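The structure under discussion appears below in the form of structure tokens.
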Amino acid sequence: MLPRKILIVGGDVEAWITAAHLHGVLNRDGRRFADIAVLDLPEERTTGVGESTLASFNHALAVMGIDQIEFMRRTDGTFKQSTKFTNWLHADGHSFHHPFGLERTAPVDTVGRRWLRSNRSVPFAETLSVQPGLCEMSLAPQMSGPWDFGPPLPYGYHLDETKFAHHLREASVARGVARYADSLASVDRAVNGNIAAINTASGKRLEAELFVDCSGAQALLSRREMGVGWQDCSHWMLCDRVLTMQVPYEHFYPGYVRPFSTAMALSAGWVLEIPLRDRRSLRYVHCGDFLDRRAAEAELRAFEGRHAASLGVDTSDFKAGRRENAWVGNCIAIGDSAAMTDPLVSTHLYMCSLAAAMLAEHFPFGDEMQPLAFRFNRIMANRFHEILDFINLHYCLTQRTDSDFWIEVQKPDRVTDRLKAKLDFWRHKPPSRSDFEDQFFAGQAVQPLPASGTQGDYRSPIDTAGLWGYEDYEVLLYGMDFLREECDEQFGPDRPDPQILGNVIQRINVARQKLTPHDLWLRQAFDMPDYPAAKQVVD
Amino acid sequence: MAAKRIVIVGGGSSGWMSAAYLDAVLNAEGREPVGIGLIESPDVPRIGVGEATIPSINHILAAIGIDEIEFLRRVDGTYKQAIKYVNWLDGKGEGYYHAFGRYRSSPVDTSTLDWLTSDRSIPFSETISAQPAICESCLAPKTIDLRDIGARFTYAYHMNALKFADYLCEIATGRGVRHYRDHVTDIEMAGNGDIAAMKTRSGERIEADLFVDCTGFAALLIEKKLGVGWIDCSQWQLCNRALTIQIPYERSYPGYVRPNTLATAVSAGWIWEIPLQNRRAWGYVHGKEFISEDDAEKELRAFIGPISDDIPARLVPYKVGYRAKSWVNNCIAIGLSAGFIEPLESTGLYLSDLAAVMLSEHFPYGGDRSRMAFRFNRIMANRFYEILDFINLHYCLTRRNDTEFWREAQRPERINDRLKAKLEFWRVKPPSLADFEDQWFPGQPDRPLPDGGLPGDHRSAIDTAGIFTLSSYEAILYGMDFLRDECDQWFGRNRPPSRVPLNIARRLQMATNGLPTHEEWLRQVVNMPEYQVSG
Chain A
2 MLPRKILIVG GDVEAWITAA HLHGVLNRDG RRFADIAVLD LPEERTTGVG ESTLASFNHA
62 LAVMGIDQIE FMRRTDGTFK QSTKFTNWLH ADGHSFHHPF GLERTAPVDT VGRRWLRSNR
122 SVPFAETLSV QPGLCEMSLA PQMSGPWDFG PPLPYGYHLD ETKFAHHLRE ASVARGVARY
182 ADSLASVDRA VNGNIAAINT ASGKRLEAEL FVDCSGAQAL LSRREMGVGW QDCSHWMLCD
242 RVLTMQVPYE HFYPGYVRPF STAMALSAGW VLEIPLRDRR SLRYVHCGDF LDRRAAEAEL
302 RAFEGRHAAS LGVDTSDFKA GRRENAWVGN CIAIGDSAAM TDPLVSTHLY MCSLAAAMLA
362 EHFPFGDEMQ PLAFRFNRIM ANRFHEILDF INLHYCLTQR TDSDFWIEVQ KPDRVTDRLK
422 AKLDFWRHKP PSRSDFEDQF FAGQAVQPLP ASGTQGDYRS PIDTAGLWGY EDYEVLLYGM
482 DFLREECDEQ FGPDRPDPQI LGNVIQRINV ARQKLTPHDL WLRQAFDMPD YPAAKQVVD
Chain B
14 MAAKRIVIVG GGSSGWMSAA YLDAVLNAEG REPVGIGLIE SPDVPRIGVG EATIPSINHI
74 LAAIGIDEIE FLRRVDGTYK QAIKYVNWLD GKGEGYYHAF GRYRSSPVDT STLDWLTSDR
134 SIPFSETISA QPAICESCLA PKTIDLRDIG ARFTYAYHMN ALKFADYLCE IATGRGVRHY
194 RDHVTDIEMA GNGDIAAMKT RSGERIEADL FVDCTGFAAL LIEKKLGVGW IDCSQWQLCN
254 RALTIQIPYE RSYPGYVRPN TLATAVSAGW IWEIPLQNRR AWGYVHGKEF ISEDDAEKEL
314 RAFIGPISDD IPARLVPYKV GYRAKSWVNN CIAIGLSAGF IEPLESTGLY LSDLAAVMLS
374 EHFPYGGDRS RMAFRFNRIM ANRFYEILDF INLHYCLTRR NDTEFWREAQ RPERINDRLK
434 AKLEFWRVKP PSLADFEDQW FPGQPDRPLP DGGLPGDHRS AIDTAGIFTL SSYEAILYGM
494 DFLRDECDQW FGRNRPPSRV PLNIARRLQM ATNGLPTHEE WLRQVVNMPE YQVSG
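Protein sequences, first through last, are from chains A and B.
When we follow my numbering, the leftmost residue of the first sequence carries the number 2, and every step to the right adds one.
When we follow my numbering, the leftmost residue of the second sequence carries the number 14, and every step to the right adds one.
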């Protein structure tokens, strides 16, 4: 019967994204399909990690009914237009951008093939996007006055995750989501194996029809209670440890706020740098087998510079993988309890929003849940494997040989079979739209998804370009100098300069007059203090 | 190694569309030029495969560089904004629209749920699109001076497919495609199983790296020469021939030109009605096991009325099915040689169009040809089965039991397994966008594609909504009153009246005030003659 009772277990951003999504979809326009409650588990940390989002996050905000500006205000938010990858191909400062905005020619997209026939003197992404240029000029994707810079520039955000959780909690509770600040003592099961109720430490018994496990890596319900297995993927995502360092602007302000994230490859992983309004948040994501903790910390400090000596560094470990079936019985795992990946492509918040949106889309109006779980699990598995491939792609095309880590990641054994088949195919034909219709290429092994306790869909995961289409693959592949030899062979040594799309040139030329510098925009909109620029000393 | 010469065998609309599209895409932008030739036999009459299209035609027109107005002038074209289905559910005069345009609310689309939680007092299609009402009023999708009213309406065209072929021929040959008016007498093979050359009656030997088989059901290259098998799909499509009649407006003009195709269910199939600038065409698509040719003709003439007396009808038999592999070695089948599905959703030209686009995307520039064939075959198979499901859907939800044909069409064995799994799933949860990401539902059997005697990708066909998305499924399902009982259970019997969202009401009002009738538009913009209203 409607409304159905849903209990979300877990108190951080994953739980509150789920609550806000479910409320935003199911209890819309005066309907009330769900009674939503959150068992808000005690928080582990107080300083939020800097996180970043994809451009699709704006849609998620709209669904959750969260205003963009208010969101930025509350989360120390800044704009993100791109991720810049440095030293991934060679350790010589080589870099490329993966911007959100990628323009194309119509009715036939010839951008990729045209670049391949050129001499590559302009990086691929810069021929079809204005955003690498805007990023290097540190410009906001917004103007101070009314917008007259052509089509809107897509952007995501950098944000403080903990502050975001608080903002969503406040909004959700105000809209009628019940909150129990308590912890989990025990779980009551029904005869059919479903979860019937949760007993809290303070003695409350919380009944519901659906239970969402947002308890993080510990997976209190999904793993501990329901015993759903975990598919380890660390073979293809070697990184398993993160060192976090916050660099407050009061301590050190570089003189700008980058409107993009940076991913700087180091000896055994890479540093994610996220600029917020009061600090930069750094994460050295690396593989413990190749670098001990102490050495990693030293490397991170050296990377940041002398001023980092006095800053604290937190350590956390993670294991890349996924829950074999995120939805089992009436228990749905969302967030780290369902999947964990290398944070390279900023998909953590995306996966939470997607799972919440899919739960809302597969909401049981009637009594049958098994068919809904079947589809939910398939979609989440497809997307996880899509992310796995795409992260894997960043590493496996490296030509670095300066450390064991980089030698290891390019071994064929470290490339997923599906990605191998893709790369193999693309050596014969550059990527194009139809490759993503239902990715399966000659020679690709059929690799069924693992079976868990439940009956399910064990076909191989299928990449339907839910997140990244051929356009993004092109940016990554050509950023990593893919098909160089093949093109030399096919088109010869004398090739013309790359063509840059006309409106990219036009916009770059007027960008400085039109767009506001990112830091200035943040100061104007949010009273970000005018920090004095420090002088950087790197050891 | 790189393919440099293509020869297309067959000069129908598939042949010329392939020629013009491949030339436009492959020989653009300083690419290494590819020589394209087309052999058209003077002995073989062209078949016009359907005269209605779907909106994807606009892509191919744009890519070839064809101006819309010029196109309409050359092919006697008219606009098509929807298909109206009459008598499919109960056979009592009821109807519903499958319109090309669709409104959705944002950021959360509740347009379908709004209708499902209502009492269904307004047909679904009218609550999600202004086009059904625009079609009822016979309005054009744009103004005389080619402005849009609000956002552009999505549309396709009705046209004379033979004239379209002529027009494409003129364009393609004008750009350097070589036209051989000659009859293929022999196909010469190379040692490796490839086709080496076409030998013609006039004694020519025409070599190429790739041969495109556009020879229709004859399938001279792919079947007669290479022996690739045909997968029969008649189990899921009871119709196997069409009886057609065309009536010029000089004989009878109704006083309007519908901007939509009409598909009316009758005793053993359905009748299309397609208006052009100079005539209307009717076709009775039926199963010969259910009605004789004579009876079908009587029924068709009764349907059209006395205006059809003494105008001859033409019988076009066809087979429903699909080429086990449409790209084998250096031969690519495009058009009827690759597969056919009844024209209920006007997908004939679309499949040729898609094949041409896919061939250009997978053109073997030096790469390993078999890898290109592997993907090409997978994509074409996926799409064929997607269309098959969707056509199947139109029939299987009928409640008619007035004839053997309609009783047969709803038997479980006439519904393919994948569609069955979809319908069953949608009785648990109304269809939504995520269902179309990679359609696969509980209970669906894993049915490998046939191998056609060749190595390949034998997974089941996967529906990725390449053409028929959620919107199309919703139009048919709810047009056929799907989920009536389930909604009673989920949302109770006392539900508020259906309503037309403000956006659609507003759009409709703007359209009614601002748009000319379709007929007037055609007269003023493409010089359709003025006809005396009669019959």
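Note that the Cβ used here is the ideal one computed from N, Cα and C, for glycine as well.
Keep in mind it's a predicted model, so treat the numbers as computed, not measured.
- At least one beta carbon of chain B lies nearer than 9 Å to the beta carbon of residue 429/A.
- In this structure residue 207/B touches residue 343/B by the C-beta definition: roughly 4 Å separates them, less than 8 Å.
- The residues 510 and 511, in chain order, have a CB closer than 8 Å to that of residue 134/B in the same chain once the five nearest residues on each side in sequence are set aside.
- With fewer than 16 neighbouring CB atoms inside 10 Å of its own CB, residue 105/B falls in the exposed class.
- In the three-state DSSP reduction, residue 40/A falls in the strand class (E or B).
- Rounded to whole angstroms, residue 194/B and residue 334/B show a C-alpha spacing of 30 Å.
- A direct Cα-to-Cα measurement between residue 112/B and residue 145/B gives close to 7 Å.
- Residues 214, 220, 223, 324 and 327 of the same chain have their beta carbon placed closer than 7 Å to that of residue 334/A, with the five preceding and five following residues left out of the count.
- DSSP, read as helix, strand or coil, puts residue 322/A in strand.
- Distance from the CA atom of residue 172/A to the CA atom of residue 126/A, rounded to whole angstroms, is 39 Å.
- Per DSSP, residue 173/A lies in no beta strand (DSSP E); the unbroken alpha helix (DSSP H) holding it starts and ends at 162 to 175.
- Residue 513/B and residue 102/B have their C-alpha atoms roughly 23 Å apart.
- Closer than 9 Å to the CB of residue 371/A there is at least one CB belonging to chain B.
- In the structure shown, the three-state DSSP call for residue 278/B is strand.
- Judged by DSSP in its simplified three-state form, residue 275/A adopts strand.
- Apart from sequence neighbours up to five positions away, the residues of its chain that approach residue 432/B with a beta-carbon distance below 8 Å are 402, 405, 406 and 409, ordered along the chain.
- Non-local C-beta neighbours of residue 486/B in its own chain, meaning closer than 6 Å and more than five positions away in sequence, comprise 444, ordered along the chain.
- Interface annotation, residue 504/A: not in contact with chain B, CB-CB separation never under 9 Å.
- Considering only 20/A, 344/A and 209/A, the residue with the shortest C-alpha distance to residue 175/A is 20/A.
- Between the stretch 47 to 62 of chain B and the stretch 180 to 199 of chain B, the count of C-beta pairs closer than 8 Å reaches three or more; the two stretches touch.
- Taking residue 232/B as the centre and dropping the five residues before and after it, the same chain places the C-beta of 226, 346 and 350 closer than 7 Å to its C-beta, in chain order.
- Judged by DSSP secondary structure, residue 492/B falls within the alpha helix (DSSP H) whose first and last residues are 483 to 492.
- Proximity to residue 270/A across 409/A, 200/A and 65/A peaks at 409/A, based on C-alpha coordinates.
- Measuring C-alpha to C-alpha distances from residue 39/B to each of 111/A, 91/A and 238/A identifies 111/A as the nearest.
- Here residue 97/A is actually not in contact with residue 80/A; their C-beta atoms are around 20 Å apart, not less than 8 Å.
- In this structure, residue 151/B sits near residue 272/B, with a CB-CB distance shorter than 9 Å.
- Between the alpha carbons of residue 449/B and residue 495/B lies a distance of about 18 Å.
- By the neighbour-count criterion, in which 16 or more other beta carbons inside 10 Å mark a residue as buried, residue 182/A falls on the exposed side.
- The Cβ atoms of residue 189/B and residue 251/B do not sit closer than 9 Å to each other.
- With respect to residue 117/A, residue 484/A sits close: the two C-beta atoms are nearer than 9 Å.
- Between residue 55/A and residue 504/B, the CB-CB gap reaches or exceeds 9 Å.
- As DSSP reads the structure, residue 332/A sits in a beta bridge with 212/A and 329/A.
- DSSP, read as helix, strand or coil, puts residue 310/B in helix.
- Membership of residue 373/B in any beta strand (DSSP E) is not indicated; the residue belongs instead to the alpha helix (DSSP H) covering 361 to 374.
- Counting only runs of 3+ residues, no beta strand (DSSP E) is found wholly inside the stretch 451 to 487 of chain A.
- Between residue 113/A and chain B, the shortest Cβ-Cβ separation is not below 9 Å.
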